[in-house]
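Taking our numbering, the leading residue of the sequence shown gets 134, the next gets one more, and so forth. The C-beta atom is built at its ideal place from N, Cα and C for all residues, glycine as well. The structure displayed is predicted, hence computed values, not measured ones. Remarks on the structure that follows.
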Amino acid sequence: MKKVPSPLVSLIPLVVLVILLFAIIRTFGSDALTGASQIALLTTTGVCVLIGVAFYRISWKDYELAITNNITGVASAIIILLIIGALSGAWMVSGVVPTLIYYGIQIIHPSFFLASTCIICALVSLMTGSSWTTIATIGIALMGIGKAQGFADGWIAGAIISGAYFGDKISPLSDTTVLAASVTDTPLFKHIRYMLITTVPSLIITLVLFTIAGLTHEGGDTAHIAEFAASLDGKFNITPWLLIVPIATGLLIARRVPSIITLFLSTAMAAACAVIFQPELLHEIGGQAEHGINSLFKGFIMTLYGGTNLQTENAALTELIATRGMAGMMNTVWLILCAMCFGGAMTASGMLGSITSVFVRFMKNTVSMVVSTACSGIFLNLATADQYISIILTGNMFRNIYEKKGYESRLLSRTTEDSVTVTSVLIPWNTCGMTQATILSVPTLTYLPYCFFNIISPLMSITIAAIGYKIVRRQ
(Lines of atoms letter the chains of each structure in order from A and count residues from 1; the text may use other names and numbers.)
(Lines give C-alpha, C1' and ligand atoms only; values in the text may rest on other atoms or scores of the structure.)
Protein backbone atom coordinates (compact mmCIF):
# COMPACT_ATOMS: atom_id res chain seq x y z
CA MET A 1 0.00 0.00 0.00
CA LYS A 2 1.35 3.39 -1.00
CA LYS A 3 2.19 5.89 1.71
CA VAL A 4 0.18 9.09 1.18
CA PRO A 5 1.79 12.49 1.90
CA SER A 6 0.42 14.26 4.96
CA PRO A 7 -1.70 17.42 4.46
CA LEU A 8 1.23 19.53 5.67
CA VAL A 9 3.64 18.02 3.15
CA SER A 10 0.97 18.24 0.45
CA LEU A 11 0.79 21.99 0.93
CA ILE A 12 4.47 22.47 0.00
CA PRO A 13 3.90 22.59 -3.80
CA LEU A 14 0.99 25.00 -3.34
CA VAL A 15 3.05 27.28 -1.10
CA VAL A 16 5.86 27.23 -3.67
CA LEU A 17 3.35 28.05 -6.44
CA VAL A 18 1.85 30.97 -4.53
CA ILE A 19 5.30 32.41 -3.74
CA LEU A 20 6.47 32.07 -7.34
CA LEU A 21 3.27 33.60 -8.76
CA PHE A 22 3.46 36.48 -6.28
CA ALA A 23 7.05 37.24 -7.33
CA ILE A 24 6.23 36.84 -11.03
CA ILE A 25 3.17 39.09 -10.97
CA ARG A 26 5.13 41.77 -9.09
CA THR A 27 7.97 41.54 -11.60
CA PHE A 28 6.16 41.05 -14.89
CA GLY A 29 2.75 42.61 -14.19
CA SER A 30 0.34 42.14 -17.09
CA ASP A 31 3.00 40.19 -19.01
CA ALA A 32 2.99 37.40 -16.42
CA LEU A 33 1.00 35.09 -18.72
CA THR A 34 3.48 35.33 -21.59
CA GLY A 35 5.80 32.69 -20.11
CA ALA A 36 6.71 33.42 -16.51
CA SER A 37 3.54 31.92 -15.00
CA GLN A 38 4.01 28.82 -17.13
CA ILE A 39 7.51 28.38 -15.70
CA ALA A 40 6.07 28.74 -12.18
CA LEU A 41 3.56 25.95 -12.83
CA LEU A 42 6.17 23.61 -14.33
CA THR A 43 8.60 24.35 -11.51
CA THR A 44 5.92 23.54 -8.95
CA THR A 45 5.09 20.37 -10.86
CA GLY A 46 8.75 19.41 -10.55
CA VAL A 47 8.65 20.03 -6.79
CA CYS A 48 5.57 17.81 -6.47
CA VAL A 49 7.15 15.01 -8.52
CA LEU A 50 10.44 15.25 -6.59
CA ILE A 51 8.68 14.88 -3.22
CA GLY A 52 6.62 11.94 -4.45
CA VAL A 53 9.50 10.06 -6.08
CA ALA A 54 12.12 10.73 -3.38
CA PHE A 55 10.05 10.23 -0.23
CA TYR A 56 6.93 8.24 -1.18
CA ARG A 57 8.24 6.00 -3.99
CA ILE A 58 5.58 7.10 -6.47
CA SER A 59 6.68 6.02 -9.93
CA TRP A 60 7.10 8.41 -12.82
CA LYS A 61 4.65 6.26 -14.78
CA ASP A 62 1.88 7.25 -12.35
CA TYR A 63 2.68 10.92 -12.82
CA GLU A 64 2.90 10.56 -16.59
CA LEU A 65 -0.48 8.82 -16.78
CA ALA A 66 -2.21 11.42 -14.58
CA ILE A 67 -0.74 14.33 -16.55
CA THR A 68 -1.69 12.70 -19.88
CA ASN A 69 -5.25 12.13 -18.67
CA ASN A 70 -5.50 15.76 -17.55
CA ILE A 71 -4.30 17.11 -20.88
CA THR A 72 -6.60 14.74 -22.76
CA GLY A 73 -9.51 16.07 -20.71
CA VAL A 74 -8.93 19.66 -21.86
CA ALA A 75 -8.19 18.85 -25.52
CA SER A 76 -11.65 19.94 -26.69
CA ALA A 77 -11.39 23.12 -24.58
CA ILE A 78 -8.12 23.98 -26.32
CA ILE A 79 -9.70 23.46 -29.74
CA ILE A 80 -12.63 25.67 -28.71
CA LEU A 81 -10.19 28.31 -27.49
CA LEU A 82 -8.35 28.37 -30.83
CA ILE A 83 -11.60 28.60 -32.79
CA ILE A 84 -12.75 31.41 -30.50
CA GLY A 85 -9.54 33.26 -31.43
CA ALA A 86 -10.43 32.96 -35.11
CA LEU A 87 -14.07 33.80 -34.41
CA SER A 88 -13.26 36.98 -32.48
CA GLY A 89 -11.08 38.19 -35.35
CA ALA A 90 -13.69 37.32 -37.98
CA TRP A 91 -16.59 38.86 -36.03
CA MET A 92 -14.62 42.08 -35.56
CA VAL A 93 -13.17 42.59 -39.04
CA SER A 94 -16.39 41.51 -40.78
CA GLY A 95 -18.21 44.29 -38.95
CA VAL A 96 -20.49 42.01 -36.92
CA VAL A 97 -19.25 43.24 -33.54
CA PRO A 98 -18.98 46.88 -34.70
CA THR A 99 -22.60 46.67 -35.98
CA LEU A 100 -23.79 45.27 -32.63
CA ILE A 101 -21.89 48.03 -30.84
CA TYR A 102 -23.20 50.72 -33.20
CA TYR A 103 -26.85 49.82 -32.64
CA GLY A 104 -26.33 48.86 -29.01
CA ILE A 105 -24.94 52.20 -27.84
CA GLN A 106 -28.02 53.87 -29.29
CA ILE A 107 -30.51 51.47 -27.69
CA ILE A 108 -29.11 50.59 -24.25
CA HIS A 109 -29.34 53.50 -21.81
CA PRO A 110 -26.14 54.03 -19.77
CA SER A 111 -28.06 53.99 -16.47
CA PHE A 112 -29.18 50.40 -17.08
CA PHE A 113 -26.25 49.20 -19.16
CA LEU A 114 -24.65 46.97 -16.51
CA ALA A 115 -27.92 45.28 -15.53
CA SER A 116 -28.90 44.90 -19.21
CA THR A 117 -25.50 43.40 -20.01
CA CYS A 118 -25.89 40.85 -17.22
CA ILE A 119 -29.40 39.87 -18.40
CA ILE A 120 -28.39 39.64 -22.08
CA CYS A 121 -25.39 37.41 -21.29
CA ALA A 122 -27.55 35.28 -18.97
CA LEU A 123 -30.09 34.65 -21.73
CA VAL A 124 -27.44 33.92 -24.38
CA SER A 125 -25.50 31.53 -22.13
CA LEU A 126 -28.74 29.84 -21.11
CA MET A 127 -29.39 29.14 -24.79
CA THR A 128 -25.80 28.21 -25.62
CA GLY A 129 -24.91 26.38 -22.42
CA SER A 130 -21.49 27.98 -22.73
CA SER A 131 -20.07 30.96 -20.89
CA TRP A 132 -17.03 30.84 -23.20
CA THR A 133 -19.12 31.18 -26.37
CA THR A 134 -21.26 33.93 -24.82
CA ILE A 135 -18.26 35.98 -23.69
CA ALA A 136 -16.39 35.48 -26.98
CA THR A 137 -19.33 36.73 -29.07
CA ILE A 138 -21.87 39.05 -27.47
CA GLY A 139 -19.48 39.73 -24.58
CA ILE A 140 -16.92 41.38 -26.84
CA ALA A 141 -19.64 43.56 -28.38
CA LEU A 142 -20.89 44.60 -24.93
CA MET A 143 -17.33 45.49 -23.89
CA GLY A 144 -17.28 47.96 -26.77
CA ILE A 145 -20.66 49.43 -25.86
CA GLY A 146 -19.65 49.79 -22.21
CA LYS A 147 -16.39 51.53 -23.08
CA ALA A 148 -18.25 53.93 -25.36
CA GLN A 149 -20.57 54.77 -22.46
CA GLY A 150 -17.67 55.46 -20.13
CA PHE A 151 -17.73 52.40 -17.85
CA ALA A 152 -14.52 50.99 -16.39
CA ASP A 153 -13.28 47.68 -17.81
CA GLY A 154 -13.72 45.84 -14.50
CA TRP A 155 -17.41 46.78 -14.20
CA ILE A 156 -18.21 45.78 -17.79
CA ALA A 157 -16.36 42.46 -17.59
CA GLY A 158 -17.95 41.74 -14.19
CA ALA A 159 -21.45 42.20 -15.63
CA ILE A 160 -20.65 40.06 -18.69
CA ILE A 161 -19.13 37.24 -16.64
CA SER A 162 -21.88 37.31 -14.00
CA GLY A 163 -24.57 36.84 -16.65
CA ALA A 164 -22.59 34.32 -18.69
CA TYR A 165 -21.94 32.07 -15.70
CA PHE A 166 -25.57 32.21 -14.59
CA GLY A 167 -26.66 30.60 -17.85
CA ASP A 168 -23.69 28.23 -17.93
CA LYS A 169 -24.60 27.05 -14.45
CA ILE A 170 -28.26 26.14 -15.06
CA SER A 171 -28.46 25.43 -18.79
CA PRO A 172 -29.19 21.79 -19.69
CA LEU A 173 -26.81 22.32 -22.63
CA SER A 174 -23.91 23.20 -20.33
CA ASP A 175 -21.15 20.61 -20.01
CA THR A 176 -20.45 21.61 -16.40
CA THR A 177 -24.12 21.20 -15.50
CA VAL A 178 -24.26 17.77 -17.09
CA LEU A 179 -20.93 16.82 -15.51
CA ALA A 180 -21.94 17.85 -11.97
CA ALA A 181 -25.20 15.91 -12.28
CA SER A 182 -23.58 12.79 -13.73
CA VAL A 183 -20.67 12.65 -11.28
CA THR A 184 -23.07 12.77 -8.32
CA ASP A 185 -25.65 10.43 -9.90
CA THR A 186 -28.33 13.13 -9.89
CA PRO A 187 -30.96 13.33 -12.68
CA LEU A 188 -30.10 16.39 -14.81
CA PHE A 189 -33.36 18.34 -14.55
CA LYS A 190 -33.70 17.48 -10.85
CA HIS A 191 -30.25 19.00 -10.42
CA ILE A 192 -31.20 22.14 -12.40
CA ARG A 193 -34.48 22.69 -10.52
CA TYR A 194 -32.69 22.37 -7.20
CA MET A 195 -30.02 24.87 -8.29
CA LEU A 196 -32.69 27.51 -8.95
CA ILE A 197 -33.16 27.83 -5.18
CA THR A 198 -29.69 29.35 -4.81
CA THR A 199 -29.08 30.66 -8.34
CA VAL A 200 -32.12 32.91 -8.78
CA PRO A 201 -31.62 34.85 -5.50
CA SER A 202 -27.93 35.27 -6.37
CA LEU A 203 -28.84 36.75 -9.76
CA ILE A 204 -31.48 39.08 -8.27
CA ILE A 205 -28.96 40.51 -5.78
CA THR A 206 -26.44 40.86 -8.62
CA LEU A 207 -28.91 42.79 -10.80
CA VAL A 208 -29.77 45.11 -7.91
CA LEU A 209 -26.07 45.91 -7.39
CA PHE A 210 -25.50 46.53 -11.12
CA THR A 211 -28.62 48.71 -11.32
CA ILE A 212 -27.43 50.85 -8.40
CA ALA A 213 -23.98 51.16 -9.99
CA GLY A 214 -25.54 52.14 -13.33
CA LEU A 215 -27.82 54.77 -11.82
CA THR A 216 -24.85 56.41 -10.10
CA HIS A 217 -22.70 56.31 -13.25
CA GLU A 218 -21.75 59.78 -14.49
CA GLY A 219 -19.72 58.93 -17.58
CA GLY A 220 -20.75 58.32 -21.16
CA ASP A 221 -21.78 61.80 -22.32
CA THR A 222 -23.85 62.00 -25.48
CA ALA A 223 -21.15 63.73 -27.47
CA HIS A 224 -18.61 61.00 -26.72
CA ILE A 225 -21.06 58.25 -27.66
CA ALA A 226 -21.98 60.06 -30.90
CA GLU A 227 -18.28 60.45 -31.75
CA PHE A 228 -17.69 56.76 -31.06
CA ALA A 229 -20.63 55.77 -33.28
CA ALA A 230 -19.45 58.08 -36.07
CA SER A 231 -15.95 56.57 -35.92
CA LEU A 232 -17.43 53.08 -36.19
CA ASP A 233 -19.57 54.08 -39.16
CA GLY A 234 -16.58 55.71 -40.81
CA LYS A 235 -14.33 52.67 -40.50
CA PHE A 236 -16.79 49.83 -41.12
CA ASN A 237 -19.65 49.24 -43.51
CA ILE A 238 -22.40 49.12 -40.87
CA THR A 239 -25.46 47.26 -42.16
CA PRO A 240 -28.30 45.23 -40.59
CA TRP A 241 -27.39 42.41 -42.99
CA LEU A 242 -24.43 41.61 -40.74
CA LEU A 243 -26.86 40.69 -37.97
CA ILE A 244 -27.55 37.50 -39.94
CA VAL A 245 -24.36 36.03 -38.44
CA PRO A 246 -25.37 36.26 -34.74
CA ILE A 247 -28.96 35.25 -35.63
CA ALA A 248 -27.74 32.18 -37.55
CA THR A 249 -25.38 31.37 -34.66
CA GLY A 250 -28.35 31.52 -32.29
CA LEU A 251 -30.31 29.13 -34.52
CA LEU A 252 -27.42 26.67 -34.55
CA ILE A 253 -27.35 26.83 -30.78
CA ALA A 254 -31.12 26.32 -30.58
CA ARG A 255 -30.73 23.22 -32.76
CA ARG A 256 -28.18 21.95 -30.21
CA VAL A 257 -25.38 21.75 -32.74
CA PRO A 258 -22.11 20.91 -30.87
CA SER A 259 -20.14 23.94 -29.66
CA ILE A 260 -17.08 23.33 -31.84
CA ILE A 261 -19.21 23.01 -35.00
CA THR A 262 -21.30 26.07 -34.06
CA LEU A 263 -18.22 28.21 -33.46
CA PHE A 264 -16.59 26.98 -36.68
CA LEU A 265 -19.66 27.73 -38.82
CA SER A 266 -20.11 31.11 -37.13
CA THR A 267 -16.47 31.94 -37.91
CA ALA A 268 -16.92 30.85 -41.52
CA MET A 269 -20.06 33.00 -41.95
CA ALA A 270 -18.32 36.04 -40.43
CA ALA A 271 -15.26 35.52 -42.63
CA ALA A 272 -17.50 35.40 -45.72
CA CYS A 273 -19.17 38.63 -44.59
CA ALA A 274 -15.74 40.24 -44.25
CA VAL A 275 -15.05 39.53 -47.92
CA ILE A 276 -18.48 40.81 -48.98
CA PHE A 277 -18.90 43.88 -46.74
CA GLN A 278 -15.38 44.90 -45.64
CA PRO A 279 -12.99 44.18 -48.57
CA GLU A 280 -11.08 47.44 -48.00
CA LEU A 281 -10.28 46.41 -44.44
CA LEU A 282 -8.97 43.05 -45.64
CA HIS A 283 -6.74 44.86 -48.13
CA GLU A 284 -5.51 47.08 -45.28
CA ILE A 285 -4.72 44.02 -43.15
CA GLY A 286 -3.06 42.31 -46.13
CA GLY A 287 -0.75 45.30 -46.39
CA GLN A 288 0.04 44.97 -50.09
CA ALA A 289 0.33 47.97 -52.38
CA GLU A 290 -1.93 46.51 -55.05
CA HIS A 291 -5.45 45.66 -53.93
CA GLY A 292 -5.83 42.45 -55.88
CA ILE A 293 -7.03 38.97 -55.04
CA ASN A 294 -3.74 38.14 -53.29
CA SER A 295 -4.10 41.09 -50.93
CA LEU A 296 -7.70 40.12 -50.18
CA PHE A 297 -6.75 36.48 -49.54
CA LYS A 298 -3.82 37.46 -47.30
CA GLY A 299 -6.00 39.79 -45.23
CA PHE A 300 -8.68 37.10 -44.97
CA ILE A 301 -6.25 34.48 -43.62
CA MET A 302 -4.46 36.94 -41.30
CA THR A 303 -7.78 37.93 -39.77
CA LEU A 304 -8.31 34.34 -38.63
CA TYR A 305 -4.86 33.41 -37.36
CA GLY A 306 -3.02 36.63 -36.56
CA GLY A 307 -3.38 40.01 -34.97
CA THR A 308 -4.95 43.02 -36.68
CA ASN A 309 -4.45 46.67 -35.81
CA LEU A 310 -6.88 48.79 -37.81
CA GLN A 311 -6.37 52.52 -37.31
CA THR A 312 -9.26 54.94 -36.64
CA GLU A 313 -9.57 58.56 -35.60
CA ASN A 314 -10.67 57.46 -32.12
CA ALA A 315 -7.85 56.01 -29.95
CA ALA A 316 -10.25 54.02 -27.74
CA LEU A 317 -11.93 52.52 -30.81
CA THR A 318 -8.56 51.63 -32.37
CA GLU A 319 -7.68 49.69 -29.23
CA LEU A 320 -11.09 48.02 -29.09
CA ILE A 321 -11.16 46.71 -32.66
CA ALA A 322 -7.61 45.31 -32.50
CA THR A 323 -7.74 41.51 -32.66
CA ARG A 324 -5.30 38.69 -31.86
CA GLY A 325 -6.75 35.76 -33.82
CA MET A 326 -5.76 32.19 -33.09
CA ALA A 327 -2.17 33.19 -32.42
CA GLY A 328 -3.34 35.43 -29.60
CA MET A 329 -4.65 32.39 -27.76
CA MET A 330 -1.35 30.51 -27.73
CA ASN A 331 -0.14 31.91 -24.40
CA THR A 332 -3.39 30.76 -22.83
CA VAL A 333 -3.11 27.31 -24.42
CA TRP A 334 0.47 27.09 -23.17
CA LEU A 335 -0.62 28.06 -19.68
CA ILE A 336 -3.49 25.54 -19.68
CA LEU A 337 -1.10 22.71 -20.62
CA CYS A 338 1.27 23.67 -17.80
CA ALA A 339 -1.64 23.92 -15.35
CA MET A 340 -2.77 20.42 -16.34
CA CYS A 341 0.73 19.11 -15.62
CA PHE A 342 0.55 20.56 -12.13
CA GLY A 343 -2.95 19.21 -11.50
CA GLY A 344 -1.93 15.75 -12.72
CA ALA A 345 1.13 15.68 -10.49
CA MET A 346 -0.89 16.70 -7.43
CA THR A 347 -3.46 13.99 -8.16
CA ALA A 348 -0.95 11.20 -8.83
CA SER A 349 1.03 11.97 -5.68
CA GLY A 350 -2.11 11.76 -3.53
CA MET A 351 -1.51 15.29 -2.29
CA LEU A 352 -4.91 16.54 -3.45
CA GLY A 353 -6.72 13.76 -1.63
CA SER A 354 -4.63 14.36 1.48
CA ILE A 355 -5.46 18.07 1.61
CA THR A 356 -9.17 17.65 0.91
CA SER A 357 -9.43 14.97 3.60
CA VAL A 358 -8.92 17.81 6.07
CA PHE A 359 -12.27 19.30 5.04
CA VAL A 360 -14.08 16.04 5.77
CA ARG A 361 -13.20 16.29 9.47
CA PHE A 362 -15.41 19.34 9.89
CA MET A 363 -18.61 17.68 8.60
CA LYS A 364 -20.81 17.65 11.69
CA ASN A 365 -24.15 18.99 10.35
CA THR A 366 -25.79 20.28 7.17
CA VAL A 367 -24.07 23.67 7.23
CA SER A 368 -20.63 22.20 7.90
CA MET A 369 -21.21 19.66 5.12
CA VAL A 370 -22.00 22.39 2.60
CA VAL A 371 -19.20 24.66 3.85
CA SER A 372 -16.67 21.81 3.65
CA THR A 373 -17.84 20.89 0.13
CA ALA A 374 -17.75 24.52 -1.04
CA CYS A 375 -14.31 25.17 0.46
CA SER A 376 -13.00 21.93 -1.03
CA GLY A 377 -14.38 22.86 -4.46
CA ILE A 378 -12.81 26.32 -4.37
CA PHE A 379 -9.53 24.84 -3.14
CA LEU A 380 -9.52 22.32 -5.99
CA ASN A 381 -10.12 25.15 -8.45
CA LEU A 382 -7.01 26.81 -7.04
CA ALA A 383 -4.95 23.62 -6.98
CA THR A 384 -5.92 21.90 -10.24
CA ALA A 385 -6.54 25.07 -12.26
CA ASP A 386 -9.45 23.45 -14.10
CA GLN A 387 -13.18 23.45 -13.31
CA TYR A 388 -13.84 20.07 -14.93
CA ILE A 389 -11.23 18.29 -12.82
CA SER A 390 -12.48 20.13 -9.72
CA ILE A 391 -16.10 19.06 -10.35
CA ILE A 392 -15.07 15.43 -10.86
CA LEU A 393 -12.86 15.35 -7.76
CA THR A 394 -15.37 17.14 -5.53
CA GLY A 395 -18.23 14.87 -6.61
CA ASN A 396 -16.19 11.70 -6.20
CA MET A 397 -14.73 12.66 -2.83
CA PHE A 398 -18.01 13.61 -1.17
CA ARG A 399 -20.56 11.34 -2.89
CA ASN A 400 -20.19 8.44 -0.43
CA ILE A 401 -20.01 10.79 2.55
CA TYR A 402 -23.31 12.48 1.63
CA GLU A 403 -24.92 9.09 1.08
CA LYS A 404 -23.73 7.70 4.41
CA LYS A 405 -24.96 10.78 6.26
CA GLY A 406 -28.37 10.55 4.57
CA TYR A 407 -28.24 13.63 2.32
CA GLU A 408 -29.71 13.72 -1.18
CA SER A 409 -27.26 13.67 -4.08
CA ARG A 410 -28.81 16.87 -5.46
CA LEU A 411 -27.44 18.79 -2.46
CA LEU A 412 -23.93 17.71 -3.40
CA SER A 413 -24.42 18.45 -7.11
CA ARG A 414 -25.81 21.93 -6.34
CA THR A 415 -23.07 22.79 -3.86
CA THR A 416 -20.44 21.60 -6.33
CA GLU A 417 -21.74 23.92 -9.05
CA ASP A 418 -22.23 26.82 -6.62
CA SER A 419 -18.61 26.58 -5.53
CA VAL A 420 -16.68 25.23 -8.52
CA THR A 421 -18.30 26.34 -11.80
CA VAL A 422 -18.77 29.99 -10.88
CA THR A 423 -15.50 30.58 -8.99
CA SER A 424 -13.20 29.08 -11.65
CA VAL A 425 -13.28 32.34 -13.61
CA LEU A 426 -12.06 34.29 -10.56
CA ILE A 427 -8.71 32.48 -10.39
CA PRO A 428 -5.97 33.96 -12.62
CA TRP A 429 -4.25 30.62 -13.36
CA ASN A 430 -7.45 28.60 -13.78
CA THR A 431 -8.36 27.73 -17.37
CA CYS A 432 -11.54 29.82 -17.13
CA GLY A 433 -9.83 32.81 -15.53
CA MET A 434 -7.06 32.76 -18.12
CA THR A 435 -9.46 32.35 -21.03
CA GLN A 436 -11.90 35.11 -20.10
CA ALA A 437 -9.11 37.52 -19.23
CA THR A 438 -7.61 36.83 -22.66
CA ILE A 439 -10.89 37.14 -24.58
CA LEU A 440 -12.02 40.35 -22.85
CA SER A 441 -8.50 41.81 -22.50
CA VAL A 442 -9.22 42.52 -18.85
CA PRO A 443 -6.93 41.02 -16.16
CA THR A 444 -8.66 38.54 -13.84
CA LEU A 445 -7.90 40.55 -10.70
CA THR A 446 -9.34 43.67 -12.37
CA TYR A 447 -12.80 42.15 -12.99
CA LEU A 448 -12.89 39.89 -9.91
CA PRO A 449 -14.41 42.46 -7.46
CA TYR A 450 -17.30 43.10 -9.88
CA CYS A 451 -18.29 39.48 -10.60
CA PHE A 452 -21.04 39.72 -8.00
CA PHE A 453 -22.93 36.62 -9.10
CA ASN A 454 -19.81 34.48 -8.92
CA ILE A 455 -18.92 35.75 -5.45
CA ILE A 456 -22.45 35.53 -4.05
CA SER A 457 -23.24 32.00 -5.32
CA PRO A 458 -21.17 29.95 -2.82
CA LEU A 459 -22.29 32.25 0.00
CA MET A 460 -25.92 31.77 -1.05
CA SER A 461 -25.43 28.00 -1.05
CA ILE A 462 -24.22 28.15 2.56
CA THR A 463 -27.04 30.53 3.54
CA ILE A 464 -29.75 28.25 2.14
CA ALA A 465 -28.12 25.32 3.96
CA ALA A 466 -28.23 27.28 7.21
CA ILE A 467 -31.92 28.04 6.67
CA GLY A 468 -32.52 24.38 5.80
CA TYR A 469 -34.91 25.18 2.96
CA LYS A 470 -35.80 22.03 0.98
CA ILE A 471 -32.89 20.07 2.40
CA VAL A 472 -34.08 16.54 3.08
CA ARG A 473 -32.06 14.19 5.25
CA ARG A 474 -32.88 10.51 5.50
CA GLN A 475 -32.67 9.10 9.01
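Contact belief for residue i with residue j at Cβ below 8 Å, rounded distance in angstroms
{"i": "I294", "j": "C584", "result": "5 Å"}
{"i": "T232", "j": "C474", "result": "Contact doesn't hold; Cβ gap of about 42 Å is too wide."}
{"i": "I572", "j": "S221", "result": "7 Å"}
{"i": "L443", "j": "L414", "result": "6 Å"}
{"i": "I278", "j": "P305", "result": "Rounded, the Cβ-Cβ distance is 29 Å, inconsistent with contact."}
{"i": "L348", "j": "S244", "result": "5 Å"}
{"i": "A404", "j": "A223", "result": "5 Å"}
{"i": "A274", "j": "I234", "result": "5 Å"}
{"i": "A448", "j": "V226", "result": "That belief does not hold up - the Cβ atoms of A448 and V226 are roughly 19 Å apart, past 8 Å."}
{"i": "G419", "j": "G432", "result": "4 Å"}
{"i": "T564", "j": "V311", "result": "Going by Cβ atoms, the distance from T564 to V311 rounds to 18 Å, so no, they are not a contact pair."}
{"i": "T309", "j": "T554", "result": "5 Å"}
Close Cβ partners of residue i (< 6 Å) along its chain, the five nearest in sequence each way excluded
{"i": "I271", "result": "V257"}
{"i": "P591", "result": "A507, D551 and S552"}
{"i": "Q421", "result": "S428"}
{"i": "I191", "result": "G185 and S482"}
{"i": "L150", "result": "T177"}
{"i": "I289", "result": "M276 and G279"}
{"i": "F410", "result": "G228 and N370"}
{"i": "T344", "result": "A248"}
{"i": "L365", "result": "P231 and Y235"}
{"i": "V605", "result": "E541"}
{"i": "L581", "result": "L559"}
Cβ pair residue i, residue j closer than 8 Å
{"i": "T317", "j": "S546", "result": "yes"}
{"i": "T445", "j": "T456", "result": "no"}
{"i": "N203", "j": "G510", "result": "no"}
{"i": "L437", "j": "A165", "result": "no"}
{"i": "T579", "j": "G287", "result": "yes"}
{"i": "L468", "j": "A516", "result": "no"}
{"i": "L450", "j": "F369", "result": "no"}
{"i": "A460", "j": "D519", "result": "no"}
{"i": "G237", "j": "D301", "result": "no"}
{"i": "F586", "j": "F299", "result": "yes"}
{"i": "K603", "j": "I200", "result": "no"}
{"i": "F495", "j": "S505", "result": "yes"}
{"i": "I588", "j": "T549", "result": "no"}
{"i": "A346", "j": "L247", "result": "yes"}
{"i": "S209", "j": "I393", "result": "yes"}
{"i": "M593", "j": "Y540", "result": "no"}
{"i": "I534", "j": "V493", "result": "yes"}
Residue i - containing alpha helix (DSSP H), residue span
{"i": "H242", "result": "Run containing H242: none; DSSP gives neither H nor E here."}
{"i": "S505", "result": "T499 to T517"}
{"i": "P305", "result": "Here P305 belongs to no alpha helix (DSSP H), and DSSP marks it neither H nor E."}
{"i": "A404", "result": "S392 to F410"}
{"i": "E197", "result": "W193 to G206"}
{"i": "S264", "result": "S264 to T267"}
{"i": "S428", "result": "I426 to Y438"}
{"i": "C474", "result": "M463 to A481"}
{"i": "S280", "result": "According to the sequence provided, residue 280 is Lys. The question's Ser does not apply to it. K280 -> alpha helix (DSSP H) spans I273 to A281."}
{"i": "V182", "result": "A169 to Y189"}
{"i": "F585", "result": "F585 to I600"}
{"i": "N370", "result": "Counting along the chain, N370 falls outside any alpha helix (DSSP H), and DSSP gives it neither H nor E."}
{"i": "L376", "result": "Segment: none, L376 is in no alpha helix (DSSP H) and carries neither H nor E."}
{"i": "K136", "result": "Here K136 belongs to no alpha helix (DSSP H), and DSSP marks it neither H nor E."}
{"i": "Q569", "result": "T564 to L573"}
{"i": "S523", "result": "Q520 to K537"}
{"i": "G347", "result": "L321 to L348"}
{"i": "Y540", "result": "Where Y540 is concerned, there is no enclosing alpha helix (DSSP H), given that its DSSP letter is neither H nor E."}
{"i": "L578", "result": "T577 to Y580"}
Spatial neighbours of residue i in its chain, beta-carbon cut-off 7 Å, leaving aside the 5 residues before and after
{"i": "F397", "result": "I216"}
{"i": "P412", "result": "L429"}
{"i": "L147", "result": "A516"}
{"i": "L676", "result": "Because the chain spans 134 through 608 in this model, residue 676 falls outside it and cannot be assessed."}
{"i": "K323", "result": "R543"}
{"i": "N529", "result": "V316"}
{"i": "I211", "result": "V466 and I469"}
{"i": "N514", "result": "Q520, S523, V553, T556, S557, I560 and N563"}
Residues of its chain near residue i, where Cβ-Cβ distance is below 8 Å and the 5 sequence neighbours each way are ignored
{"i": "G601", "result": "T499"}
{"i": "I426", "result": "none"}
{"i": "R532", "result": "V316, T317, D318, S542 and L545"}
{"i": "I268", "result": "C254, I293, I294, A297, Q569, I572 and L573"}
{"i": "G566", "result": "S557, V558, L559, I560 and T577"}
> Any chance the segment 288-304 sits against the segment 240-257, with 3 or more Cβ pairs inside 8 Å?
Replying inline: yes
>> Assess contact between the segment 137-146 and the segment 181-188, defined as three or more Cβ pairs (one per stretch) separated by less than 8 Å. Is contact present?
In response: yes
> Do the segment 365-375 and the segment 327-343 touch if we need at least three Cβ pairs shorter than 8 Å?
Replying inline: no
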